[in-house]
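Have a look at the structure below, then the notes.
Number of protein chains: 2
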Amino acid sequence: MAHISLSFLDHIARCNNHDMKKFLPFVVDNETVGNIRRDHISLLEKFPDVFDLSDTFIGLAKGLNSYSDRTDAFSLVIHKLFENGVLNGWRGEPYPVGGPWGGPHAFEIERAAAPFFGSRAYGVHINGFVHKEDGIYMWIGRRAEDRPVCPGELDNMIAGGQPVTLSLQDNVIKEAGEEAGVPSDLAATAISTGAITYRMENETGLKQDTIFCWDLELPTDFIPSSVDGEISEFFLLPAAEVMEIVDVSFDFKFNCNLVNIDFFIRHGLLPPSHPDYEKLIKGLGQ
Amino acid sequence: MAHISLSFLDHIARCNNHDMKKFLPFVVDNETVGNIRRDHISLLEKFPDVFDLSDTFIGLAKGLNSYSDRTDAFSLVIHKLFENGVLNGWRGEPYPVGGPWGGPHAFEIERAAAPFFGSRAYGVHINGFVHKEDGIYMWIGRRAEDRPVCPGELDNMIAGGQPVTLSLQDNVIKEAGEEAGVPSDLAATAISTGAITYRMENETGLKQDTIFCWDLELPTDFIPSSVDGEISEFFLLPAAEVMEIVDVSFDFKFNCNLVNIDFFIRHGLLPPSHPDYEKLIKGLGQ
Numbered sequence: 003m004a005h006i007s008l009s010f011l012d013h014i015a016r017c018n019n020h021d022m023k024k025f026l027p028f029v030v031d032n033e034t035v036g037n038i039r040r041d042h043i044s045l046l047e048k049f050p051d052v053f054d055l056s057d058t059f060i061g062l063a064k065g066l067n068s069y070s071d072r073t074d075a076f077s078l079v080i081h082k083l084f085e086n087g088v089l090n091g092w093r094g095e096p097y098p099v100g101g102p103w104g105g106p107h108a109f110e111i112e113r114a115a116a117p118f119f120g121s122r123a124y125g126v127h128i129n130g131f132v133h134k135e136d137g138i139y140m141w142i143g144r145r146a147e148d149r150p151v152c153p154g155e156l157d158n159m160i161a162g163g164q165p166v167t168l169s170l171q172d173n174v175i176k177e178a179g180e181e182a183g184v185p186s187d188l189a190a191t192a193i194s195t196g197a198i199t200y201r202m203e204n205e206t207g208l209k210q211d212t213i214f215c216w217d218l219e220l221p222t223d224f225i226p227s228s229v230d231g232e233i234s235e236f237f238l239l240p241a242a243e244v245m246e247i248v249d250v251s252f253d254f255k256f257n258c259n260l261v262n263i264d265f266f267i268r269h270g271l272l273p274p275s276h277p278d279y280e281k282l283i284k285g286l287g288q
Numbered sequence: 003m004a005h006i007s008l009s010f011l012d013h014i015a016r017c018n019n020h021d022m023k024k025f026l027p028f029v030v031d032n033e034t035v036g037n038i039r040r041d042h043i044s045l046l047e048k049f050p051d052v053f054d055l056s057d058t059f060i061g062l063a064k065g066l067n068s069y070s071d072r073t074d075a076f077s078l079v080i081h082k083l084f085e086n087g088v089l090n091g092w093r094g095e096p097y098p099v100g101g102p103w104g105g106p107h108a109f110e111i112e113r114a115a116a117p118f119f120g121s122r123a124y125g126v127h128i129n130g131f132v133h134k135e136d137g138i139y140m141w142i143g144r145r146a147e148d149r150p151v152c153p154g155e156l157d158n159m160i161a162g163g164q165p166v167t168l169s170l171q172d173n174v175i176k177e178a179g180e181e182a183g184v185p186s187d188l189a190a191t192a193i194s195t196g197a198i199t200y201r202m203e204n205e206t207g208l209k210q211d212t213i214f215c216w217d218l219e220l221p222t223d224f225i226p227s228s229v230d231g232e233i234s235e236f237f238l239l240p241a242a243e244v245m246e247i248v249d250v251s252f253d254f255k256f257n258c259n260l261v262n263i264d265f266f267i268r269h270g271l272l273p274p275s276h277p278d279y280e281k282l283i284k285g286l287g288q
């Protein structure tokens with residue numbers, strides 16, 4: 003792999019690439035619950051029963067007060083946005099809008115619409131690893147070529163979105179089984195280790211994501227296998243080699259680099275003597 | 003222990019209690035390297051060769067350009083502040099001013115003067131822990147009653163300031179030997195796991211601290227013992243019990259609570275289902 007004058011910080015910058023001047027705050031119950039592209043406002047003008055539009059922020063129309071009324075109103079809007087081709091990639095997973103993780107939330111929307119409204123989206127990423135005599139090895143997946151997002155790129159062993167309908171722990175166990183063939187009793191030993199956050203502009207809007215990071219220490223004889231076809235192959239690599247890949251390439255799916263950097267820091271593989279140590283720690287929480 | 007309506011977040015708030023309106027930025031080479039109390043400016047007027055004072059910021063006098071010239075000039079100022087009783091608790095440890103951890107720095111000052119100038123101070127805290135069948139146990143120290151800072155309060159197993167003259171790893175090994183009688187080969191197995199930061203106003207000025215956090219997994223038969231007398235006794239407690247102490251009391255020295263919360267999060271003891279999870283993670287990096 004050629005060295006392309008890259009650094010760990012470049013991955014953090016890439017996941018926090020945005021120009022907030024392009025966006026208006028989306029405010030519900032006096033809380034900014036998202037950010038919407040100014041050039042998407044015209045799309046919302048067709049729904050005066052749902053949105054209260056002004057030059058400085060986007061609010062909800064009067065009368066939309068309950069979780070279910072708001073959810074129903076947004077469901078209608080989001081279906082229209084799909085029909086008109088503004089949105090695509092329907093997931094069928096309800097995501098919360100507003101409030102902290104665990105709620106209370108203001109309402110819920112289809113996952114694929116979260117970047118359009120710039121509402122915070124939640125996911126789980128699990129690094130499967132093995133302790134060998136010569137150090138830590140990490141299980142890395144390669145995303146199948148037929149994936150709509152980041153085909154062929156490297157991925158954490160297990161990763162998935164976090165709908166409001168599942169507990170994090172249940173979701174970790176479900177995704178571990180589907181993506182990597184991990185038996186549920188083994189998956190249940192995964193440990194939550196914190197979260198990374200980022201804010202990334204894309205064509206649809208703003209991905210404001212919180213990824214809950216998990217460590218899953220595996221027996222040396224365990225070999226993951228794809229069940230749902232999301233991952234085409236798994237490799238077991240020395241952690242130092244994974245660090246090298248992250249340090250010199252964009253081979254990993256964008257957000258997996260952040261999850262890996264967090265793993266390297268927590269396990270002492272990326273020590274405080276690294277010149278960007280403080281910036282990296284700050285950078286993982288934007 | 004009586005429950006006193008406290009939460010993990012209260013410890014973060016306590017360590018970030020400041021009113022920045024009381025301070026002026028201290029600027030060197032166009033970088034804000036600290037913050038100085040406005041009501042301390044009169045003390046600096048006596049040193050026109052060192053400070054360039056204005057209503058909006060405090061800079062260095064013209065001609066103070068090199069690391070050594072600045073260090074010498076500040077040494078003189080700091081000695082005067084000690085003589086006049088403005089500062090006390092001389093440590094004899096050089097601390098850097100300006101720049102990231104590892105440098106390059108603008109100059110260095112005596113550790114006890116860091117809060118006066120509001121320059122970032124660095125330290126290391128090491129949580130010693132043991133894996134038992136029923137979970138993680140943590141070694142906790144109680145600070146000796148003759149300590150000038152937080153006498154009698156609970157402490158992480160090992161902790162110390164970080165002067166510019168030592169590498170972090172060497173400092174960890176030194177402090178582990180002095181404070182807890184850990185042999186150097188065992189201390190060298192400590193793993194760096196990240197850093198917490200906070201900004202706390204006190205009478206002297208502003209403590210802007212970065213604490214590098216380390217995990218030291220210990221054999222079940224290892225028993226720490228104080229060598230330098232900083233700690234009066236050590237306890238081995240189930241991590242759940244340490245969490246309870248942090249959750250309901252101010253028994254730990256203020257900044258140790260943050261190091262402990264970081265430990266609980268990284269080891270899955272404080273899971274994402276905790277209602278303040280996101281706020282706690284953000285709060286550890288202020």
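Respectively, the protein sequence lines represent chains A and B. Positions 3 to 288 (my numbering) are the ones given, in order, by the first sequence. Positions 3 to 288 (my numbering) are the ones given, in order, by the second sequence. Every residue, glycine too, gets a C-beta built ideally from N, C-alpha and C. Computed from a prediction, not measured in an experiment: that's the story for all the values here.
Among the options, nearest to residue i - alpha-carbon criterion
i	options	result
N259/B	G162/B, N158/B, P117/B and I193/B	N158/B
S56/A	F76/A, E33/A, F28/A and V79/A	F28/A
H13/A	I198/A, Q171/A, F119/A and G100/A	I198/A
F76/B	I111/B, V35/B and I138/B	I111/B
G45/A	D31/A, C17/A, E85/A and R16/A	For the sequence presented, residue 45/A should be read as Leu rather than Gly. Ranking the options by Cα distance to L45/A, first place goes to E85/A.
P150/A	L208/A, E232/A and P226/A	E232/A
P117/A	N37/A, D71/A and S186/A	N37/A
E280/A	E95/B, G101/B and D71/B	G101/B
G207/A	Y69/A, S68/A, L89/A and F53/A	L89/A
D211/A	S227/A, G163/A, P185/A and P226/A	G163/A
L8/B	F252/B, P277/B, V261/B and I263/B	F252/B
W216/B	K24/B, T58/B, I175/B and H107/B	I175/B
V261/B	H276/B, G287/B and E205/B	G287/B
G120/B	G105/B, K209/B and V166/B	K209/B
V132/B	E147/B, A63/B and F224/B	F224/B
G179/B	G61/B, T58/B and I128/B	I128/B
Residue i at chain A interface by Cβ criterion, 9 angstroms
i	result
A197/B	yes
P240/B	no
E219/B	no
I283/B	yes
G130/B	no
S169/B	yes
Beta carbon proximity, residue i to chain B, threshold 9 angstroms
i	result
T206/A	no
I267/A	yes
A189/A	no
K209/A	no
I38/A	no
Y279/A	yes
L89/A	no
Rounded separation between residue i and residue j - CA only
i	j	result
A115/A	I80/A	7 angstroms
N257/A	E33/B	31 angstroms
P274/B	S169/A	10 angstroms
L272/B	F266/B	5 angstroms
G130/B	L282/A	25 angstroms
I247/A	I142/A	11 angstroms
G285/B	N18/B	9 angstroms
G137/A	M245/A	13 angstroms
K48/A	V250/B	52 angstroms
P98/A	L66/A	16 angstroms
F109/B	G91/A	55 angstroms
D172/A	E219/A	18 angstroms
V126/A	L78/A	28 angstroms
P185/A	H269/B	22 angstroms
D264/B	A190/A	22 angstroms
Y69/B	I43/B	23 angstroms
F53/B	E95/B	23 angstroms
A161/A	H20/A	24 angstroms
R201/B	P226/A	45 angstroms
A123/B	F214/B	11 angstroms
A4/A	P277/B	Low local confidence applies: a pLDDT of 45 at A4/A is under 50, so the model's placement there is unreliable, with the coordinate-based value given in what follows. Going from the Cα of A4/A to the Cα of P277/B covers about 45 angstroms.
G154/B	D230/B	15 angstroms
E147/A	S234/A	8 angstroms
P221/B	D31/B	49 angstroms
R16/A	A182/B	44 angstroms
Every unbroken alpha helix (DSSP H) inside the stretch 211-253 of chain A [4 residues or more]: 241-250
Contiguous beta strand (DSSP E) assignments of at least 3 residues, all confined to the stretch 67-109 of chain B: Residue ranges of uninterrupted beta strand (DSSP E) with 3 or more members, entirely inside the stretch 67-109 of chain B and ordered along the chain, are 96-99.
Three or more C-beta pairs below 8 angstroms linking the stretch 185-201 of chain A and the stretch 227-246 of chain A: no
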